[in-house]
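Each remark here refers to the structure printed beneath this line.
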C-alpha cells in the first residue's frame, strides 16, 4: 500500500474486491480454503446422500425398486449374522489398534526422548511398512504365516512342532496381526509428535518436586501425550473396522469381517440397497464407538 | 549450607564452568550474577542435580551430592519458564510434591490454601495454568517449591519474563518472603539491580569462573577488576601508572595527572601499569575550583537528563572519551541545562579513585 503511494507512476487502483479482502483477514482465509472445501463437501455429501437414499430402496428381481422403506434395516435386525460380523469387526479393530498403540508408544517414546541425532532416519524406519503397497504387505504376511510359509518352516526346522501349524493363517488372529502391522505408521506418528512436543522443563520440575522416573512418566509424560494416543487410536481404529482386503486374504471363514459382506453385496450378490444399508449401520456404529472412546478419554484425563 | 568445591563442567569441548568454589551460608540470599554464557545457570543446574559435575564436589547441608539424583536432593527450584504443569490446575500444581508423601488429603488442601494466601492468590485453586498471567505463574511456581519446605530454594531468572513494575514489586516480595521463612535462596540473574536489591552476597561470574564474591556494597565500592567494575554499574576507566605503593599511594593518571588514589589491598610496585576507575557519582562539577580538592578543567559535551538526576559528559585534555559525571537534577535548579560547550572543573575526593589490575 505504502509502496503504491510512494511510486512515481500513478498506481492502478485496486478493485473494490481486493480492497475488501485486504481489510478482512477472515474472508481471505475463506477464499483460500474455498476450492478444497467445496471439493470435499461435494465428495462427502454426494456419496453420503446417495448411500443413505439407496439404503431405503430395495431389490425386486434384478431391478431396484425406488420406493423408500426401512426394510433393509429391518432385515438386518432379524438376522444375527450382521450383529456377529459387526461385533467381530469392532473386536478385531479394537484389539489390533490397542496392540499397535501399546507397541508403538515405547518406540515413539524412545525416538522422542532418547534419540538425539538422525531422528528423521528413525522416523523413516518406523514408517517403512508404508513404503510398499497395502496388497503387497498382506501378501508378504501370507508368505510368512502360510502352511509352508516362513514361520512354519522355521518352527518345523527348529523342532518346535512336527507338522506345520495350519491355524497360523486364515484366522481372526492372523487378521489382527496383519492389521496391526499394516497400520503401525498411523499410530506411531501422532504419538511421537505429542511426546516430542512435551517441554522437558516439566520433567525437570517434576523431578525437582521429588518424583522419580516412573512417577514422572505417569504424572507428566503420559497425561501430556494422551492427545497423541487418542489421535493414534482414531486414525487406526476407524479405517480398520471397515477393512476388507486383509480379512479376505488372510482371514478365512472365521476371520471374515463386515467389510467383506459389504463388498460382496455390492459385488457378487449384486444387492446394492442392502449393502448401502449395512454401510450406514457400520458408519453409525463407528461414530458411536468413537464417541465412547472420547468420553472414556475425558474421564481418564480427569483422573 | 551449600559448599561448592573446585567444580568444573565441560560440554564436549566447551568449558561452561571452571574451577568454581563457593560457600553459601544457611539462610543467606545469594546471587549468581553474570552475562549470558557466564556459566551461572549451569552452576545452578549442577546444584539442582540436572547436570552432573565434570570435576569437583557439591555439598548440601554437609552431604556430598555426586550420586544423589535431583528428586532426592533437599532443594527446590523455580524455573525460568515457571514450568507450571499445563494439565493440572493451580491447586494440583502447588500440591504436586505433597501428593506423593501420603499426607491426608485434608491436610494437603489446608497447606495449599495456606500457600495461596502466602502468594496472595486466594481462590485461584481451580484455575488452569493457561488462565494465569506471567506474574501469577511465577507465584504459583514459588508456592509449588516452598510448600515442600526445602532447605534451599534455587531461582533461575525468576523475574526475567515480567514487566518492570511487576518485577520490582516481586523483588520486594521475594526478599520479604526469604526473610520470613529463613530458607537459603540462590538466585541466578543477569540483572545487576535485581541481584543488588535481593542479595546478601553476590558472586559475579564471567567465562565460567567466579570473578568476585562480596556484598552488593562491597562489589560496587571495591570491584576487584575492570570486568566487575564495568558489569556492576557505570564506571569511568583511566589508564594509569603507579608512582608509589601502599594504601594511599600516588598514581600518574591519563587526563587527571598525578593524584592520590585508593589502591586497595593489593600490593603494587612502583611504575606498575594499572587502571584507575571512578564512578560517575564519585565526580563533581564546579564552575571554579576551591583550591583544596583535586580538580581538572574540562568542557561539557553532552547531557543525559534522567529525571531525578542527570549524566553530564565532560571532555578533558589527555583522554579521548568524555568522562561521565552524575549530578542531581533538582526541579527548578536548571544549572547545567543547555550547558553543552560550557567550560567546567571536575573534582573528586581521593578515596573515590580505585586502582584495578590493568587486565
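Protein chains in written order, with my numbering: chain A, 991 to 1293; chain B, 490 to 848.
Even glycine gets a Cβ: it sits at the ideal position worked out from N, Cα and C.
Next item on the list: Tell me whether residue 1036 of chain A is buried or exposed, calling it buried when 16 or more other Cβ atoms sit within 10 Å of its Cβ.
Entry: exposed
Notebook entry, point to check: Run through DSSP, which three-state label would residue 1196 of chain A get?
Noted result: helix
Margin query: So for residue 834 of chain B, helix, strand or coil by DSSP?
Written below: strand
Next item on the list: Might you give, ordered along the chain, the residues of its own chain that have their beta carbon closer than 6 Å to the beta carbon of residue 1117 of chain A, omitting 5 neighbours on each side?
Entry: 1175
Next item on the list: Return the CA-CA distance between residue 1109 of chain A and residue 1099 of chain A, expressed in angstroms with no decimal places.
Entry: 12 Å
Checklist line | Contacts that residue 592 of chain B makes with chain A (C-beta to C-beta distance below 7 Å) | finding: Ordered by position in chain A, no residue passes the 7 Å Cβ test against residue 592 of chain B, which lies about 13 Å from the chain.
Checklist line | Listed by chain order, chain A residues near residue 566 of chain B by CB distance under 7 Å | finding: 1198
Checklist line | Local Cβ density within 10 Å of residue 683 of chain B, reported as buried at 16 or more and exposed below that | finding: buried
Item checked: CA-to-CA distance, residue 1164 of chain A to residue 1274 of chain A, given in whole angstroms -> 27 Å
Check: At a Cβ threshold of 9 Å, is residue 637 of chain B touching chain A?
Finding: yes
Check: Grouping DSSP H, G and I as helix and E and B as strand, with all else coil, what is residue 707 of chain B?
Finding: helix
Check: Going by Cα to Cα distance, which pick from A/1170, A/1280, A/1199 is closest to residue 1220 of chain A?
Finding: A/1280
Note to self: Please return the same chain residues whose Cβ sits closer than 7 Å to the Cβ of residue 533 of chain B, not counting the five positions on each side in sequence.
What the structure shows: 521, 643, 645, 675, 677
Notebook entry, point to check: With 9 Å set as the bound, which would you pick, yes or no: does the beta-carbon of residue 647 of chain B sit closer than that to a beta-carbon of chain A?
Noted result: no
Next item on the list: List the DSSP bridge partners of residue 794 of chain B.
Entry: B/799
Checklist line | Residue from B/631, B/698, B/563 with nearest C-alpha to residue 526 of chain B | finding: B/698
Note to self: On the criterion of 16 or more Cβ atoms from any shown chain inside 10 Å, does residue 1160 of chain A qualify as buried, or is it exposed?
What the structure shows: buried
Checklist line | Nonlocal neighbours in the same chain, by C-beta distance under 6 Å from residue 601 of chain B, ignoring five residues either side | finding: 580, 583, 584
Checklist line | Under the three-state DSSP convention, the category residue 1230 of chain A falls into | finding: helix
Item checked: chain A contact residues for residue 570 of chain B, given Cβ-Cβ distances below 8 Å -> 1189, 1191
Check: What is the rounded straight-line gap between the Cα of residue 758 of chain B and the Cα of residue 747 of chain B?
Finding: 16 Å
Item checked: Contact set between residue 537 of chain B and chain A, taken where Cβ atoms lie within less than 7 Å -> 1198
Next item on the list: List in chain order: all unbroken alpha helix (DSSP H) runs of 4+ residues lying wholly within the stretch 600-681 of chain B.
Entry: 623-635, 653-670
Check: Who are the neighbours of residue 1195 of chain A on chain B, taking C-beta pairs under 7 Å?
Finding: 568, 572
Notebook entry, point to check: In chain A, which residues lie with their C-beta within 7 Å of the C-beta of residue 783 of chain B?
Noted result: Within chain A, no residue comes near residue 783 of chain B; the closest Cβ sits about 55 Å away, beyond 7 Å.
Checklist line | DSSP three-state assignment for residue 546 of chain B, whether helix, strand or coil | finding: strand
Check: Name the chain B residues that come within less than 8 Å of residue 1213 of chain A, Cβ to Cβ?
Finding: 576
Next item on the list: Identify the contact partners of residue 586 of chain B in chain A, using a Cβ-Cβ distance below 7 Å as the criterion.
Entry: 1199, 1200
Note to self: Using a Cβ-based criterion (distance less than 8 Å to any ligand heavy atom), does residue 708 of chain B qualify as near the ligand GDP?
What the structure shows: By its list of ligands, the structure shown contains no ligand whatsoever, and the ligand GDP lies outside what it can speak to.
Checklist line | First through last residue of the beta strand (DSSP E) which encompasses residue 511 of chain B | finding: 503-513
Next item on the list: Buried or exposed for residue 681 of chain B, please, with buried defined as at least 16 other CB atoms from any protein chain shown within 10 angstroms of its CB.
Entry: buried
Margin query: Tell me which residues share the same chain as residue 626 of chain B and place their Cβ nearer than 8 Å to its Cβ, disregarding the 5 neighbours each side in the sequence.
Written below: 571, 573, 618
Next item on the list: Tell me where the alpha helix (DSSP H) around residue 1177 of chain A begins and ends.
Entry: 1174-1186
Next item on the list: Consider the Cβ of residue 499 of chain B: report whether some Cβ of chain A lies at a distance smaller than 9 Å.
Entry: no
Item checked: Residues bridged to residue 523 of chain B (per DSSP) -> B/694
Check: If we count the other Cβ atoms within 10 Å of its Cβ and call it buried at 16 or more, is residue 1069 of chain A buried or exposed?
Finding: exposed
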